[in-house]
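S.K.:
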Amino acid sequence: MYIDYIITLICQPSISSFLILQCSIEVIWMKHNANGSVQSVVIWTLVLALLLGFAIGSFSAASRARAAVTAAESLAAGIPPAPVVTSTRYDKANDALTLRVLNPGLVPVKLVDQSIIFKPGAASKQEAYALTAIPLGVEVAPLSEVEVQLKLKPNAEKLEVGDVLAASVSFTHPYSRDLYVLSHVFKVNEEAAKGKEQGEPKQPQMNKAKPKKGGK
Amino acid sequence: MRFLLDLLWVILAVLAAWGLAVGLLLATPQELAVLLGFAVFMLLASRLLWGYGALSVFAEGVGRGEQPDRGQAEAAARVPEPERLGFAALASFWLAALEPYRYAFYAVYLVLMLVTLASKLVLPLPDLWAWVTGSTLFEGVFWGASVVALLVWSISSLAASLTAKAASSA
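Same order as they appear, the protein sequences are chains R and H.
The number in the working numbering is simply the position in the first sequence, starting from 1, with 17 added.
The number in the working numbering is simply the position in the second sequence, starting from 1, with 902 added.
1) Any contact of the segment 190-200 of chain R with the segment 145-154 of chain R, i.e. 3+ C-beta pairs under 8 angstroms?
2) Verify the CB distance criterion: does residue 69(R) have a CB-CB separation below 8 angstroms to chain H?
3) Ignore the nearest five residues each way along the sequence and tell me which others in residue 186(R)'s own chain have a CB closer than 6 angstroms to its CB.
4) Which of helix, strand or coil does DSSP assign to residue 956(H)?
5) State yes or no: is the C-beta of residue 1001(H) within less than 8 angstroms of the C-beta of residue 80(R)?
6) Along chain C, in chain order, which residues have C-beta atoms closer than 9 angstroms to that of residue 1038(H)?
7) Within its chain, find whatever has a CB closer than 7 angstroms to the CB of residue 1069(H); leave out the 5 residues flanking it on each side and keep chain order.
8) Could you pull out every residue in the same chain whose Cβ sits closer than 7 angstroms to the Cβ of residue 900(H), ignoring the five residues on either side in sequence?
9) Taking contact to mean 3 or more Cβ pairs, one atom from each stretch, closer than 8 angstroms, check whether the segment 1008-1022 of chain H and the segment 915-927 of chain H are in contact.
10) Name, going along the chain, the residues of the segment 926-937 of chain H whose beta-carbon falls closer than 8 angstroms to a beta-carbon of chain R.
11) Kindly list, in the order they appear in chain H, the residues whose Cβ is closer than 8 angstroms to that of residue 55(R).
12) What in chain R is Cβ-close to residue 1049(H), meaning under 8 angstroms?
13) Tell me which same chain residues have a C-beta within less than 7 angstroms of the C-beta of residue 167(R), skipping the five on either side of it?
14) Name the two residues that bound the continuous alpha helix (DSSP H) containing residue 908(H).
15) Kindly give me the distance between the Cβ atoms of residue 1039(H) and residue 931(H), rounded to whole angstroms, as I take these residues to be in contact under 8 angstroms.
16) Quick one: what does DSSP say residue 127(R) is sitting in, helix, strand or coil?
17) What residue range does the beta strand (DSSP E) around residue 186(R) cover?
18) Comparing C-alpha positions only, which one of 212(R), 83(R), 58(R), 152(R) sits nearest to residue 110(R)?
19) Just curious, the beta strand (DSSP E) that residue 166(R) is in, first and last residue?
20) Rounded to whole angstroms, how far is the Cβ of residue 961(H) from the Cβ of residue 1065(H), which I believe are closer than 8 angstroms?
21) If I measure Cβ to Cβ from residue 935(H) and keep anything under 6 angstroms in the same chain, skipping five residues before and after, which residues do I get?
22) Short of 8 angstroms Cβ to Cβ, which residues in the segment 150-178 of chain R face chain H?
23) By DSSP, does residue 1070(H) sit in helix, in strand, or in coil?
24) If you draw a straight line from the C-alpha of residue 999(H) to the C-alpha of residue 978(H), how long is it?
25) Is the CB-CB distance between residue 190(R) and residue 105(R) below 8 angstroms?
26) Return the chain-ordered list of same chain residues with a C-beta closer than 7 angstroms to the C-beta of residue 956(H), the five sequence neighbours on each side being excluded.
27) So which residues on chain R does residue 1056(H) lean against when the C-beta distance must stay under 7 angstroms?
28) What alpha helix (DSSP H) runs, 4 residues minimum, are completely inside the segment 976-1037 of chain H?
29) Strictly below 7 angstroms CB to CB, what residues from chain H border residue 66(R)?
30) Does the beta-carbon of residue 925(H) have 16 or more other beta-carbons within 10 angstroms, so that it is buried, or is it exposed?
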């Protein structure tokens, strides 16, 4: 597609210069057409046919490149690029919740801010709390994944089994001025409390970077 | 043997129809515009193409010193008593009789060229890609017509040079 585009950019000036060339050749031709031989008619016809074929070929290539770009654009516009959380990890050392956020769409989305609601389980000594509207400002490129760290409340107790964290991330979309919210509930089980990554069950088959080892 | 040849023709026709159908299905609107311009200008030029073609054959025969069939030439030359003319003079009158059609063809082609060029005059600076791709349907018709214009130009030049050759050899 991009090769077509480059070819078009190179060839397009030739289409207009071809017009000028054709006109000037015809003028030159008319000047000594009085004694124009059959051979020179044939040769000039071949030369002009070659130029004309080049021009029409690049015109056709341009139209195809344009069609490909239009198709790609309409495809990109047709996929709603809501970011999704593909896995979550409790970062014990930094007292943070790390979300891996995938943008499956073809346009970038911007993660604006984050909120966390903590609800203690039976084993926890920490009281319930909520942190809201902590600025984030992360842009997720199309078809790519980023890690987002949501800091827990400073000086809070470590997470215990049975705790529940409801994380929400608000994001904006380039085609809209609305603010969208992504909510993710993280229930702390034994593995999660140790800092093991909790992946969502179904994942797209994509080439993605291996998640870094959590904890220590 | 004849049967095999017929079969080959049928296979060729089927393949050509298949290729044309697929080509039309996959063509971009701009390519269809080229086809449209080509087809319509071929209709416009058909009289010229057949006329100059027949004239070329006639004048070539005259130039070689032969005496080709005068019937078509006498009908086409549009002079009061064509049977009194010599072969080379008849070819010249035939050439002159085709001139108004050639002029009309070039006039229509030039109008189309002007419309195409005029549609390219405005340069949308924020988006040059729009200039490259915009008003492409007119341009497609123009390119299709250009093929026919090249055919007309070359076959009229050919007929003119063969007529001149016939006149100088007479």
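Just so it is clear, CB atoms sit at the ideal spot from N, CA and C, and this is done for glycine as well.
M.R.: If we stick to the structure as given:
1) Judged by Cβ distances under 8 angstroms, the segment 190-200 of chain R makes no contact with the segment 145-154 of chain R, as fewer than three pairs qualify.
2) Position 52 of the first sequence holds residue 69(R). So yes, residue 69(R) belongs to the interface.
3) Counting from 1 along the first sequence, the entry for residue 186(R) is found at position 169. Within the same chain, residue 186(R) has close Cβ partners 128, 131, 199.
4) What you label residue 956(H) is simply residue 54 of the second sequence in a count that begins at 1. Residue 956(H) falls in the helix class under three-state DSSP.
5) Counting from one through the second sequence, the residue named residue 1001(H) turns up at place 99. Counting from one through the first sequence, the residue named residue 80(R) turns up at place 63. No, they are not a contact pair.
6) The structure shown contains no chain C; its protein chains are R and H.
7) Position 167 of the second sequence holds residue 1069(H). Its chain contains 990, 994 as the residues whose beta carbon lies nearer than 7 angstroms to that of residue 1069(H), once the 5 sequence neighbours on both sides are disregarded; these appear in chain order.
8) Because residue 900(H) is not part of the residues shown, which for chain H are 903 to 1072, the question remains open.
9) As far as the Cβ criterion goes, the segment 1008-1022 of chain H does not touch the segment 915-927 of chain H, which means the pair count is below three.
10) The residues in question are 930, 931, 932, 933, 936.
11) On the first sequence, residue 55(R) is found 38 positions in, with the first residue counted as 1. Result: 1060, 1063, 1064, 1067.
12) On the second sequence, residue 1049(H) is found 147 positions in, with the first residue counted as 1. By Cβ distance, chain R contributes 69, 73.
13) By 1-based counting over the first sequence, the position of residue 167(R) is 150. 113, 114, 116, 131, 133, 184.
14) As a working mapping, residue 908(H) is identified with position 6 in the second sequence. Where residue 908(H) is concerned, the enclosing alpha helix (DSSP H) stretches over 904-928.
15) To locate residue 1039(H), count along the second sequence from 1; it is residue 137. To locate residue 931(H), count along the second sequence from 1; it is residue 29. At roughly 6 angstroms, the Cβ-Cβ gap stays under 8 angstroms, so residue 1039(H) and residue 931(H) are in contact.
16) Against the first sequence, residue 127(R) aligns to sequence position 110. In this structure, residue 127(R) counts as strand in the three-state DSSP scheme.
17) Working through the first sequence from its first residue, we reach residue 186(R) at position 169. First-last of the beta strand (DSSP E) with residue 186(R): 181-189.
18) Within the first sequence, residue 110(R) is the residue found at index 93, counting from 1. Considering only alpha carbons, the answer is 212(R).
19) Within the first sequence, numbered from 1, the residue matching residue 166(R) stands at position 149. Start and end: 161-168.
20) Start at 1 with the first residue of the second sequence, and residue 961(H) comes out as number 59. Start at 1 with the first residue of the second sequence, and residue 1065(H) comes out as number 163. In this structure residue 961(H) is in contact with residue 1065(H), their Cβ atoms being roughly 5 angstroms apart against a cut-off of 8 angstroms.
21) Against the second sequence, residue 935(H) aligns to sequence position 33. Excluding the 5 residues flanking it on each side, residue 935(H) has same chain C-beta neighbours closer than 6 angstroms at 1039, 1042, 1043, in chain order.
22) Listed by position, the residues of the segment 150-178 of chain R near chain H (Cβ gap below 8 angstroms) amount to none.
23) For the purposes of this step, residue 1070(H) is taken as residue 168 along the second sequence, with counting starting at 1. Helix at residue 1070(H).
24) Translated into the one-based positions of the second sequence, residue 999(H) becomes position 97. Translated into the one-based positions of the second sequence, residue 978(H) becomes position 76. Residue 999(H) and residue 978(H) have their C-alpha atoms roughly 7 angstroms apart.
25) Working through the first sequence from its first residue, we reach residue 190(R) at position 173. Working through the first sequence from its first residue, we reach residue 105(R) at position 88. In terms of Cβ geometry, residue 190(R) and residue 105(R) do not form a close pair [threshold 8 angstroms].
26) Position 54 of the second sequence, counted from the first residue, corresponds to residue 956(H). So the qualifying residues of the chain are 974.
27) The residue given as residue 1056(H) occupies position 154 in the second sequence. Counting only Cβ-Cβ distances below 7 angstroms, residue 1056(H) has contacts in chain R at 58, 62, in chain order.
28) Within the segment 976-1037 of chain H, the complete alpha helix (DSSP H) runs of at least 4 residues are 989-1021, 1030-1035.
29) Walking along the first sequence from the start, residue 66(R) turns up at place 49. Listed along chain H, the residues sitting closer than 7 angstroms to residue 66(R) by beta-carbon distance are 1052.
30) For this step, residue 925(H) is matched to residue 23 along the second sequence. Exposed is the call here.
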